[in-house]
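This report refers to the structure that appears directly beneath it.
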Amino acid sequence: MNRLLLAALLAAAAGHAQAADWTTPAEAAHFRTTPSYADTVAYLHQLADAAPGKLKVESFGTSPQGRPMTVVIASGDGTFTPEAAHRSGKPVVLVQAGIHPGEIEGKDAGLMLLRDFAVSGKLPHLLDHAVLVFIPVFSVDGHENSSPYHRINQNGPDSMGFRGQSQYLNLNRDYVKADAPEMRDWLKLWQRWQPDLLMDIHTTDGADYQYDLTWYLEDPHKLDAGVSAWQQHLLNDKVIPAYEKRGHLASIYLEFKDGRDPRKGIVNFGSGPRFSTGYAALQNRPALLVETHMLKSYEVRVRGTYDLVALMLQQAGADAANLLAINRKADEAVVARARDAQAQVALTFKDDPASTPFKFKGYEFSLAHSDVSNSEWIRYDPSKPRTYDVQNWNGLLPDASVAPPAAYVIPAQWTQAIDKLDAHGIAYRRLARPQKLKVQAYRLDKPQWASKPFEGHLMLRDFTQSSTVREVELPAGSVIVPMDQRAANVAIELLEPQAPDSLLRWGFLNAVFEPKEYGEPRVLEKLARDMMAKDPALKAAFEQKLHEDAPFAASPSQRLFYFFERSPWYAAQDVGAYPVYRIDAATLQGLAP
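Residue 69 in numbering that gives the first Met the number 0 sits at position 70 of the sequence shown; the count goes up by one each step and never skips.
Here it is as structure tokens:
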């Protein structure tokens, strides 16, 4: 077939596509409803069939209830694989909707945007310089669990999906612990594409105000300085000004210090690696959290999302070379850090005590005492817009930090920890034979767990931690995790006990706190007397604790255990020995292949 004929056929196909009725289901319903998952996927396949050189629909996993998880690849020139995207020098932008399926604007905005890019002719050059990887609904089982009663705070659509997936897990708390099958499939997608920019689309809860959309970027202290500067410049100087020129009003994310009185100012909402933007920060990538305002109409929220995503894609494409270079430099910096003996990595963050002025565009409100709740009841008057001068305490500062080791070591028997490395694509090698090593080891004590479960786990709230050097014998198959890899920050988050989303914090390693051998009371009675007879200082300490600690004094079992846990019979159980070790560069280099 000659080129002229081929061009004529493509032009005819394009003309037919433009002539077809490509109204999205939400548009057809005047934004009163949002389509089912099946109707959403059917619309996407129709688009892809009409524009085969621009769209490709794939499945990247299966939900717990057996539904395929759909992703759309969109490109101006048929760049449909990560390899082709990387060869072409185009940044990969991952846009995900419906991680909380009741907050579904991103899905309907995405259908409209893909339509206008691929078939309507409205945005034909949107993806000339970037590749879009679009997840229309992340939590597909939660999306299909739809009800008018799932989002009491929200103004439409008529029926909304459920916040949890079918195993009652919140996917936007699951990035590091990766309990949900959907998240493990998402992590494979991330590792395959290694996106250059992430956008995660949500809807707010909280206060009423004038803005139809708020947005959040991770604090500059939480990610590479170049990546942070790039995303701050993109949003503050380019995207948001252009967005507001389209008739929208946007603000930084609004977490109020006191939800009953916005005048008291705003604070950081406490994002971390369990959230999308926090996980992207660990992966050295820019990420944007989008929160449309729950009380604006669904149409306003969808159209606002459409405009913001379109502008982000345009600006990311326009700055493609710079974005790719900054991300590459961030990865290289993490790898090079392994050779820096003075390096420190922040594990936790605290509020910056300094604040900045902020003009909050809200509404007049009244505060009245409630006889129902016996507290203050705030009521807004949207007919009376008002700007308040408040203080912004969004800034964070590093708190607890750690010097990363040359490598972590996980004995072969701790398979659950090794499985998490696999889920996150963290590189490691296994010992071919047993080996003795001198390691830095943590000793943990005084664990305190949360009083109720969170995301299927009893979180470890607090503990004491000390460090020692010891020799350990590692079985064959034990894992060596070097820190000269781009995913090193993820490994540190998983394996350092103090990290807020460590395996220890989530309770995956609770067994280390459990003594397995115990003493009968009659035996411990004699042990206690023998120990006090040999050690007057121990006897004095015991008597002082009896005097100062009434619950202890009233408990026969605690009184006897006081002696057992100070005896060699307890020490032999190695209770509290953290089963992940740290080794230095010399030890790493001396390991047998």
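Where a beta carbon is used, it is the ideal one built from N, C-alpha and C, also for glycine.
Measuring alpha carbon to alpha carbon, tell me which residue in Ala-279, Thr-203, Tyr-305 and Lys-237 is nearest Phe-268. Residue mapping note: residue 268 aligns to position 269 of the sequence shown, counting from 1. The shortest C-alpha separation from Phe-268 is found at Thr-203.
Is Ala-319 near Gly-88, with beta carbons less than 8 Å apart? For the purposes of this step, residue 319 is taken as the residue at position 320 of the sequence shown. For the purposes of this step, residue 88 is taken as the residue at position 89 of the sequence shown. Against a cut-off of 8 Å, the Cβ pair of Gly-88 and Ala-319 comes out as a contact.
Thinking just about the alpha-carbon of each residue, which of Gly-109, Glu-104, Asp-223 and Val-371 is nearest to the one in Gln-153? Start at 1 with the first residue of the sequence shown, and residue 153 comes out as number 154. Checking every option, the nearest Cα to that of Gln-153 belongs to Glu-104.
Starting from the Cα of Pro-90, find the closest Cα among Arg-469, Thr-78, Ile-98 and Leu-502 and give me that residue. Taking the first residue of the sequence shown as 1, we reach residue 90 at position 91. Cα-wise, what sits closest to Pro-90 is Thr-78.
Can you tell me where the alpha helix (DSSP H) with Arg-336 in it begins and where it stops? Along the sequence shown, read from residue 1 onward, the residue named residue 336 stands at position 337. Looking at the DSSP string, the run of the alpha helix (DSSP H) that includes Arg-336 is 319 to 336.
Any idea what DSSP makes of His-546, helix, strand or coil? The count along the sequence shown starts at 1 and reaches residue 546 at position 547. Here His-546 sits in helix by DSSP.
Would you kindly check if the distance between the Cβ of Tyr-580 and the Cβ of Val-471 is under 8 Å? Numbered from 1 along the sequence shown, position 472 holds the residue referred to as residue 471. Numbered from 1 along the sequence shown, position 581 holds the residue referred to as residue 580. The answer is yes: Cβ separation under 8 Å.
Looking at the structure shown, is Asn-391 part of a helix, part of a strand, or coil, going by DSSP? Here residue 391 refers to the residue found at position 392 of the sequence shown. Note: Asn-391 maps to strand in three-state DSSP.
Which whole-angstrom value describes the C-beta separation of Ile-239 and Ala-249, a residue pair presumed to lie in contact below a C-beta threshold of 8 Å? For the purposes of this step, residue 239 is taken as residue 240 along the sequence shown, with counting starting at 1. For the purposes of this step, residue 249 is taken as residue 250 along the sequence shown, with counting starting at 1. For a cut-off of 8 Å, the C-beta gap from Ile-239 to Ala-249 is around 5 Å, short enough to register as a contact.
Among Gly-518, Phe-462, Ala-73 and Arg-378, which has the Cα closest to the Cα of Val-504? The sequence position of residue 504 within the sequence shown is 505, counting from 1. The question names Val, but residue 504 is Arg in the sequence shown. Nearest C-alpha to Arg-504: Phe-462.
Should Pro-403 be labelled buried (16 or more other beta-carbon atoms within 10 Å of its own) or exposed? Residue mapping note: residue 403 aligns to position 404 of the sequence shown, counting from 1. Around the beta carbon of Pro-403, a 10 Å sphere encloses 16 or more other beta carbons of the protein chains shown; the residue is thus reported as buried.
For Trp-229, three-class secondary structure by DSSP: In the sequence shown, the residue the question calls residue 229 occupies position 230. Helix.
What's the C-alpha gap between Arg-2 and Ala-83? As a first step, residue 2 must be located in the sequence shown, where it is residue number 3. As a first step, residue 83 must be located in the sequence shown, where it is residue number 84. For Arg-2, the predicted model reports a pLDDT of 45, less than 50, meaning its position is unreliable; a value from the coordinates is still stated below. Whole-angstrom Cα-Cα distance: 24 Å.
Over what stretch of residues does the beta strand (DSSP E) that includes Phe-59 continue unbroken? The residue labelled residue 59 in the question sits at position 60 within the sequence shown. Taken as a continuous stretch (DSSP letters only), the beta strand (DSSP E) holding Phe-59 covers 54 to 61.
So Thr-467 is in the beta strand (DSSP E); what residue range does that whole segment cover? Position 468 of the sequence shown holds residue 467. 459 to 473 is the span of the beta strand (DSSP E), which, as asked, contains Thr-467.
Is the stretch 293 to 307 in contact with the stretch 222 to 236, if contact means three or more CB pairs nearer than 8 Å? no
Taking the Cβ atom as the reference point for each residue, do Phe-137 and Glu-102 lie within a distance shorter than 8 Å? Within the sequence shown, numbered from 1, the residue matching residue 137 stands at position 138. Within the sequence shown, numbered from 1, the residue matching residue 102 stands at position 103. Not closer than 8 Å, so no.
Taking 7 Å as the limit between beta carbons, can you name the residues of its chain near Leu-8, skipping five residues before and five after? Walking along the sequence shown from the start, residue 8 turns up at place 9. Reliability of the predicted coordinates at Leu-8 is poor, the pLDDT of 44 falling under 50, and the value obtained from them is presented with this limitation in mind. Here the set comprises nothing.
Distance, Cα to Cα, Ala-614 vs Ala-96? The chain is shown from 0 up to 592; residue 614 falls before or after that span and cannot be answered.
Quick check: the Cα distance between Leu-5 and Leu-122, rounded to an integer number of angstroms? The sequence position of residue 5 within the sequence shown is 6, counting from 1. The sequence position of residue 122 within the sequence shown is 123, counting from 1. Because the pLDDT of Leu-5 is 38, which lies under 50, any placement of that residue in the model is unreliable, and the number read from its coordinates should be weighed accordingly. Distance between the alpha carbons of Leu-5 and Leu-122 is about 23 Å.
Euclidean distance between Cα positions of Ala-177 and Ala-422: Taking the first residue of the sequence shown as 1, we reach residue 177 at position 178. Taking the first residue of the sequence shown as 1, we reach residue 422 at position 423. Near 7 Å, if we compare the C-alpha coordinates of Ala-422 and Ala-177.
Classify Leu-5 as helix, strand or coil using the three-state DSSP reduction. Position 6 of the sequence shown, counted from the start, is the residue given in the question as residue 5. Residue confidence for Leu-5 is low, a pLDDT of 38 falling below 50, so the modelled location carries little weight and cannot support an answer.
Is His-142 helix, strand or coil when you go by DSSP? Mapped onto the sequence shown, residue 142 falls at position 143. The answer is helix: DSSP assigns His-142 an H, G or I state.
Anticipated Cβ contact below 8 Å, Phe-359 with Val-408, distance rounded: As a first step, residue 359 must be located in the sequence shown, where it is residue number 360. As a first step, residue 408 must be located in the sequence shown, where it is residue number 409. Going by Cβ atoms, the distance from Phe-359 to Val-408 rounds to 50 Å, so no, they are not a contact pair.
Please go through the stretch 88 to 125 and give each complete beta strand (DSSP E) segment of 3 or more residues, from N-terminal end onward. 91 to 95
Within-8 Å CB hit, Lys-55 to chain B: Within the model displayed, chain B is absent; a lone protein chain is all it includes.
For the pair the stretch 64 to 75 and the stretch 322 to 338, tell me if three or more CB-CB distances fall below 8 Å. no
Rounded separation between Phe-512 and Asp-444 - CA only: If you number the sequence shown from 1, residue 512 lands on position 513. If you number the sequence shown from 1, residue 444 lands on position 445. One C-alpha to the other measures close to 8 Å.
Need the endpoints of the alpha helix (DSSP H) that Ala-422 sits in, please. By one-based count along the sequence shown, residue 422 stands at place 423. From DSSP, the alpha helix (DSSP H) with Ala-422 extends over 414 to 422.
Work out the CA separation of Thr-213 and Gly-277 for me, nearest whole Å. Stepping through the sequence shown from its first residue, residue 277 is reached at position 278. Stepping through the sequence shown from its first residue, residue 213 is reached at position 214. When rounded, the distance between both Cα atoms is 17 Å.
Looking at the structure shown, is Met-0 part of a helix, part of a strand, or coil, going by DSSP? Position 1 of the sequence shown, counted from the start, is the residue given in the question as residue 0. Reliability fails at Met-0, whose pLDDT of 46 lies under 50, so the model's placement of it is uncertain and the value that follows must be treated cautiously. Three-state result, Met-0: coil.
Just mark Arg-273 as buried or exposed, buried being the case when its beta carbon has 16 or more other beta carbons within 10 Å. Position 274 of the sequence shown, counting from 1, holds the residue named residue 273. The residue in question, Arg-273, is buried, as its Cβ has 16 or more Cβ neighbours within 10 Å.
DSSP-derived helix/strand/coil call for Asp-573: Looking up residue 573 in the sequence shown gives position 574. It is coil, neither helix nor strand.
C-alpha distance - Ala-588 paired with Asp-500, whole-angstrom precision: Counting from 1 along the sequence shown, the entry for residue 588 is found at position 589. Counting from 1 along the sequence shown, the entry for residue 500 is found at position 501. Checking the sequence shown, residue 588 turns out to be Gln, not Ala. Cα to Cα, Gln-588 sits roughly 30 Å from Asp-500.
Since Leu-493 contacts Val-92 with CB under 8 Å, what's their CB separation in whole angstroms? Start at 1 with the first residue of the sequence shown, and residue 493 comes out as number 494. Start at 1 with the first residue of the sequence shown, and residue 92 comes out as number 93. In fact, because the Cβ distance is near 27 Å, the residues do not count as touching under 8 Å.
Close-in-space but distant-in-sequence residues of the same chain around Asp-223 (CB under 7 Å, 5 per side omitted): Position 224 of the sequence shown, counted from the first residue, corresponds to residue 223. Hits under 7 Å: Asn-283, Ala-329 and Ala-332.
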